[in-house]
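For what it's worth, the working numbering labels the leading residue of the sequence shown as 37, then goes sequentially.
These notes concern the structure reproduced below.
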Amino acid sequence: MKDPQPLPEASKPALLARQLRELDENSLGRLIRDHLVPLSSDHSYRTRWNGFWSSLGFDPVLRDRATGIINGFLDLAEGALEANDQDDNQTKRTEKFFDRCEGALDRILKREDEPLAWAGAAAMTFNPPARAVIDQLVLAIEKHRSDLDNEALWATLDSVRKQSLGGSGPRKRRSQR
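Structure below.
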């Protein structure tokens with residue numbers, strides 16, 4: 037690729053997401069287009085590349101913007117392929133671009149259902165098992181606040197302790213001591 041736009045650098049995922057949110061549609065679109073696939077195996081670049089795509093997937097605003105941009109790319113590529121007016125090399129390049137766009141869209145959308153995806157890019161600082169536990173606990177507390185069902189909250193806490201934290205059994209409630 038000629039002259040790709042460099043990926044932004046940020047010390048924290050939330051700062052990267054903020055930088056990306058401030059980009060206009062053309063600038064964000066160029067970044068996405070230029071980095072549909074990794075351009076280098078360099079560790080520093082791959083870290084930035086992974087952070088870029090994670091930010092696009094975890095941040096709800098960025099996820100919506102990025103999926104809109106990529107869907108626009110897919111529409112353009114599909115239109116070019118349907119027009120059937122390209123030579124063989126152009127058709128191959130368009131098909132390759134289409135496949136890369138589909139891969140990027142999948143990469144973003146799979147993040148939507150991950151634990152803590154609703155919390156935005158700041159949640160990326162936690163490793164996946166920690167995100168799962170935090171997500172479980174936050175949802176249980178939120179449910180408890182609405183229905184005041186202590187037993188359901190205790191059951192979630194017991195489940196987290198047993199499954200996620202390696203505890204051997206349920207914690208005794210004050211009433212059981």
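Each residue gets a CB set at the ideal place from its N, CA and C atoms; glycine is no exception.
Residue span of the alpha helix (DSSP H) that contains residue i, given as start and end
i      : result
VAL97  : 96-119
ASN186 : 186-195
GLY65  : 61-70
THR161 : Counting along the chain, THR161 falls outside any alpha helix (DSSP H), and DSSP gives it neither H nor E.
GLN41  : Careful: GLN41 lies outside any alpha helix (DSSP H) and carries neither H nor E.
GLU131 : 124-145
ALA53  : 49-57
Minimum C-alpha distance to residue i - residue among the options
i      : options                          : result
GLY139 : ILE106, GLN199 and ASP78         : ILE106
ASP95  : ALA158, TRP85 and THR83          : ALA158
GLY93  : ASP78, SER195, GLU150 and ILE144 : ILE144
GLU58  : MET160, PRO151 and VAL97         : VAL97
THR103 : HIS79, ASP78, LEU117 and GLU148  : GLU148
LEU64  : GLU114, HIS79, ARG99 and ILE170  : ARG99
ARG66  : ALA50, THR192 and ARG101         : ARG101
ARG54  : TRP154, PRO40, PHE88 and ALA166  : PHE88
LEU51  : SER90, ALA168 and ALA119         : SER90
Can at least three beta-carbon pairs, one atom from the region 67-74 and one from the region 112-125, be found at a separation below 8 Å? The region 67-74 vs the region 112-125: no contact.
Touch check for the region 124-143 and the region 173-184: three-plus C-beta pairs under 8 Å? Three or more beta-carbon pairs separated by less than 8 Å are not found between the region 124-143 and the region 173-184, which leaves the two stretches without contact.
For the region 79-89 against the region 39-52, are there 3 or more C-beta pairs whose distance is under 8 Å? The answer is yes - the region 39-52 touches the region 79-89, with three or more Cβ pairs under 8 Å.
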